[in-house]
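According to this note's numbering, the residues represented by the sequence shown are 16 to 963, in order.
Every residue, glycine too, gets a C-beta built ideally from N, C-alpha and C.
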Amino acid sequence: MPSYADQYRAARARNEHLRSPLGTFESTLSFPLDDFQRESCEVLQRGDGVLVAAPTGAGKTVVGEFAVYLAREQGKKAFYTTPIKALSNQKYQDLCAIYGSDHVGLLTGDVAVNSEAPIMVMTTEVLRNMLYAQSSTLDSLGYVVMDEVHYLADRFRGAVWEEVIIHLPESVAVVSLSATISNAEEFGQWLDTVRGSTTVVVSEHRPVPLWQHVMTGHRIYDLFADNTTISKAADIVRTGGAEKLKVNTELLKATSKRGAPKRGRHGKGHGRSGAQRMRRAPRPVVLRSLEEEGLLPAIYFIFSRAACDDAVSQCINADVRLTDQRQAQIIRAYISEATASIDLKDLRVLGFDTWREGLCRGIASHHAGMLPLFKEIVEHLFSMGLVQVVFATETLALGINMPARSVVIEKLSKFNGEQHVDITPGEYTQLTGRAGRRGIDVEGHAVVLWDDGMDARQIAGLASRRTYPLYSSFRPTYNMSVNLLDHFGSDRAMSILESSFAQFQADKSVVNLASKVRRQEKALEGYEESMTCHLGDYVEYSNLKYRLNQSEKKFSRDRKRANRDAVDSMLQLLNPGDVIEVPRGRNAGYAVVVGKPQGGFETRVGVVTLSAHLRVVGPSDFDGDVNVVSKVKVPKHFTGRTPQERRDMSARATTALDEGRPPRSLSSSKVPDFQRRDQERDEIERLRKAVESHPCHGCSEREDHARWFNRWVKLKKETDSLRHQIDSRTNTIAQRFAHILELLADYGYVAPGQDGRPELQRAGEALRKIYGDRDLLTSLALRDGYFAELDPAALCAAMSTLVFSGKREETVFMRKYPANLGERVTELHALWNELTSAERRHRLPETPVPDVGLMWSIYRWARGGTLAHSLEGSDLVAGDFVRATKQVIDALDQLGHAVEDATWRTGCEAAINLIKRGVIIHELDSPSNGDEESIISTDEFQEVSEEE
């Protein structure tokens, strides 16, 4: 029994806690704080910053809400930042429910509500732009909550998080909320370095136990033996190794039996052809099994938009129904009210009938290609428990609170834009983290669908691993560089960049590399002794052989390059209507030229193949000559955007070939330099004689020396590569900044000041206010008159080329452009070619090529066309069109403020007003007050378009 003194001290501590801000805050909650939540809040109460790393659904946001509470108590402002607008809207509603809408504001890319409120919710880009603009909204700021801070690893937008962390005033306490990461201590050390005292709080405990299952056929098995949850499995792996983890023996038997070859009459297997292949269970079967097992509601992850929509159709066709008649009536009524303002023609384009039928059955899809309003309706109905299954892409895994009892993962691989890759343990944890939300479910369930070729132990390893480090994606951009230069000067800017997490990680890795270099240098000394030859200098002999080998390779490369240049020259002579023969590549066969050749690093020509596909060919598709075999007439208004146009063109080419219609003659002035080739042949012959006459050439131990020499060469290359890595990682961020300033100086954006240091010039001012992947190209286009004297609809189309990024190469060119913009697009491509040449020269990544794939759609929309008419003939789906149009709106707003010209700004606003209508602005329960003042128009609130 504790002494009276101990009891008195404990009682006094309890009373002090109850009177503290944390005690008062805790008394407003309907649940007790977990240990990690309490520890994190105590850190904030002490006045320090905190990094909280905990599993999805563990309740990290309570710490952020306590920071907001502290700000209110101290009379300071609190900013709550999120990576995507949907999360911002959700958190805005949550905080309004606590503090009232008068005290909470919202800032996203296209909405501003109560922008001077003491509590502001915003996307991270908005805060970054406020910091660069030195906005007065930052006055009295006390706390910044950075939700989903692990998003700084995102290669497209992650740098924004680091910019905010670095530039926030020292007086601001930063609350960083992250999913569980394996290098939280490293990230915390960096935060401590740049922000001052920062405590790292890590919790791997899930408040809702998560069970892992595998579904084979119609049956769902536990993945692990002995009632092991995923968290317990991770603990077993961490303490005893993966071999200590026990996989369910029933699952192993079921999967090995089905995958084994069938036995013949004499007990012998019939090989591959006799194996009973194990296929994934059909989606309707999976849903019925989940319903029978009581595992609904569920989120069913499929890494394909089209497959999500197909899954809904499959379930409708299989007559799967997960709602009763009353629920279906409620859903139908809600949908009718929410979509009442959308034109019926637009609803038909959106596949409204199938979408509504699925919802009424309790089934829906959710992905970025959907209309935002449709996604919000799905989210709302799911959160109300009316929708039981959502087929979703991985974007749903990011933070949006859609409670589900179970998560189904159809495949353990996905297409990353280039190839199919296995999902990582971090991605797996993010996906399964949606199952079993705190305060809603007693337990959560993750189900992987078994397919041919899977391995149960591999799934177990994926589910139990907890090794997913956070790597910085921070790299200086043109816009970032001019803002840093303008606000801080070159020296301070260098210092700021060197304090980034990217540089912090690079510097730590240098220590290990240097140690490895020292070890390899000692090994090289031993190799040099072993390869010594008594007849002569073996290194000299090997160098001669190496030079001979390199000269022969160079001769071969030069010959190929000469042929390539000749082909490139001939491609430039092609005209629309020429029928050419493409000898190799995926476009092999006959094709009709339908677009003028586009110059650049290499000439590219748009063609229609005989199979009626629109393609682009270049020098790599030809062996050494461009063979024009016939000619056809290309209609004046041909665009190639519709299947019918392409089929008609293919038929014309087939007819011309059948009739033997003669081609135009084609001749190139590009002639190979035969004199230089003769000189190269002479040098090769001289080196060959030098090798054969060298004393070491006749050594009886030459082969033994060669083996040691080859080892020496290989190790020396590795060592030199390590030295290069050390050099490149030392001040690598600052070096890139220096390269950017050099390139900007070429364009007159930067020049030496009186003290000799770089200074931003008037020509570069516009670039400060332009954000995006093509920021410098947009600034140069503005300078060169690309947008000059365009009517508002044409301005929208022109702007789209610098914003849109499609998935197909065909969008590089078009046969016919809206508003006669073809000549301007050609000039823009020339400007891009010049810029990318400069970027290669300064060793900088190349700016993406302008993309014309949105031009016709947005031009029609700006001219008042319906959604159906605007999307006609394009590969765009409604959600992509809406998102891309919002990006154009953001870009036009940036452009309007990039130049101090009222007339220009009015023109940009007029263009915005043309496209900011209908489905573009319609959202469910939008927090906007509907006034014109709600539209962001000041510099500090410009936001780069979000990739949800």
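Check                                                                                                                                                                          : Outcome
Would you tell me roughly how many angstroms separate the C-alpha atoms of A781 and N848, rounded to the nearest one?                                                          : 21 Å
Can you name the residues that DSSP bridges to E774?                                                                                                                           : A766
So, is S510 buried or exposed, given that buried needs 16 or more other C-beta atoms within 10 angstroms?                                                                      : exposed
Got a sec, what are the start and stop residues for the beta strand (DSSP E) G911 sits in?                                                                                     : No beta strand (DSSP E) holds G911; the alpha helix (DSSP H) holding it covers 893-913.
Count the other CB atoms, across all protein chains shown, that sit within 10 Å of the CB of H281; report buried if there are 16 or more and exposed otherwise.                : Interpretation of H281 is limited by its pLDDT of 37, a score under 50 that renders its predicted location unreliable; the figure taken from the coordinates is listed afterwards. Under this definition H281 is an exposed residue.
Any chance the segment 804-820 sits against the segment 542-554, with 3 or more Cβ pairs inside 8 Å?                                                                           : no
Who does K646 pair with in a DSSP beta bridge?                                                                                                                                 : D593
Can you tell me where the beta strand (DSSP E) holding Q424 begins and where it ends?                                                                                          : The displayed chain sequence assigns Ile, not Gln, to residue 424. First-last of the beta strand (DSSP E) with I424: 421-424.
Quick one: using the 10 Å Cβ neighbour count with 16 as the cut-off for buried, is H381 buried or exposed?                                                                     : buried
Run through DSSP, which three-state label would G64 get?                                                                                                                       : strand
Could you give the distance in angstroms between the alpha-carbon of K685 and the alpha-carbon of R579?                                                                        : With a pLDDT of only 49 at K685, under 50, the local geometry of the prediction cannot be trusted, and no value is derived from it.
Measuring alpha carbon to alpha carbon, tell me which residue in T213, I741, S150, T195 is nearest I180.                                                                       : T213
Can you tell me whether D908 is buried or exposed, with buried defined as 16 or more other CB within 10 angstroms of its CB?                                                   : buried
Closer than 7 Å by C-beta to E567: which residues in its own chain qualify, once you throw out the five before and the five after it? Chain order, please.                     : I699
In whole angstroms, give me the CA-to-CA distance for F367 and Q518.                                                                                                           : 50 Å
Can you tell me whether A326 is buried or exposed, with buried defined as 16 or more other CB within 10 angstroms of its CB?                                                   : buried
According to the neighbour-count rule (16 or more other Cβ atoms, all chains shown, within 10 Å of its Cβ), is S55 buried or exposed?                                          : buried
Pull up the DSSP beta-bridge partners for D237, would you.                                                                                                                     : H228
Excluding sequence positions up to five away, which residues of its chain have a Cβ less than 8 Å from the Cβ of A379?                                                         : V327, W370, G373, V393, L396, F397, V402, V404, V405, F406
Would a C-beta distance cut-off of 8 Å place V160 and V190 closer than the cut-off?                                                                                            : yes
Label D593 either buried or exposed according to how many other C-beta atoms from any shown protein chain fall within 10 Å of its C-beta, with 16 as the threshold for buried. : buried
Within 10 angstroms of its Cβ, does T138 collect 16 or more other Cβ (buried), or is it exposed?                                                                               : buried
Which term fits R341, buried or exposed, when burial requires 16 or more other beta carbons within 10 angstroms of its beta carbon?                                            : exposed
Considering only C-alpha positions, which residue in the set E842, K784, S130 is nearest to Y493?                                                                              : K784
Could you give the residue range of the beta strand (DSSP E) that holds R599?                                                                                                  : Run containing R599: none; DSSP gives neither H nor E here.
Relative to the C-alpha of R798, which residue among R656, L485, Y764, G880 is closest?                                                                                        : Y764
Verify whether the separation of the beta carbon atoms of L539 and Y605 is less than 8 Å.                                                                                      : no
Quick one: using the 10 Å Cβ neighbour count with 16 as the cut-off for buried, is H709 buried or exposed?                                                                     : buried
Inspect the beta-carbon positions of T71 and A199 and report whether they are closer than 8 Å.                                                                                 : no
Whole angstroms is fine: what's the gap from G888's alpha carbon to L586's?                                                                                                    : 28 Å
Rounded to whole angstroms, what's the CA-CA distance from T354 to T881? Just pull it up for me.                                                                               : 16 Å
So within the segment 327-368, which uninterrupted beta strand (DSSP E) runs reach at least 3 residues, ignoring any that extend past its ends?                                : none
How would you label E838, buried or exposed, when you count the other beta carbons within 10 angstroms and need 16 or more for buried?                                         : exposed
Quick check: the Cα distance between S319 and Q769, rounded to an integer number of angstroms?                                                                                 : 57 Å
Going by alpha carbons, who is nearest to E163 out of A68, K560, G821?                                                                                                         : A68
By the three-class DSSP mapping on this structure, what secondary structure does M546 have?                                                                                    : coil
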